[in-house]
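Residue numbers (the numbering used here): 598 to 704. To keep things clear, I will list the structure first and then write my remarks on it.
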């Protein structure tokens with residue numbers, strides 16, 4: 598190799614996992630499979646989209662409930678009930694808000 602010359606390193610850019618485009622209507626929202634699963638490791642995948650209500654009408658507006666969570670958490674979730682509510686202030690359009698709710702009875 599000549600003095601002053603360095604080997605050229607070519608970097609291959611991995612495909613960017615961009616979020617799906619924002620739909621005009623909830624009925625047209627399609628979640629790609631990578632957004633429905635959680636990778637614990639390269640070999641261990643688990644379901645992340647736990648439930649989808651489908652589109653329904655309420656008060657003249659389209660509604661849809663998507664329930665996300667690690668499938669692993671479902672193993673202990675049936676053992677107790679927790680009550681908490683959290684609305685996130687940053688929510689992508691067309692969604693109005695994101696809420697989480699779990700219920701636990703007092704002993």
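Where is the CB? At the ideal position from N, CA and C, for every residue including glycine. Predicted model, so just to flag it, every value in this text is computed and none were measured.
(request) In the DSSP assignment, find the unbroken beta strand (DSSP E) run with residue 646 in it and report its ends. (result) 646-649
(message) On a Cα-Cα basis, can you pick out the residue from 629, 658, 655 that is closest to residue 768?
(response) As shown, the chain starts at 598 and ends at 704. That puts residue 768 outside it, with no answer to give.
(request) Thinking residue 635 and residue 667 are a contact (beta carbons under 8 angstroms), I'd like their distance in whole angstroms, please. (result) 6 angstroms
(message) According to DSSP, is residue 626 part of a helix, a strand, or is it coil?
(response) Residue 626 falls in the coil class under three-state DSSP.
(message) To the nearest angstrom, how far is the alpha carbon of residue 655 from that of residue 633?
(response) 26 angstroms
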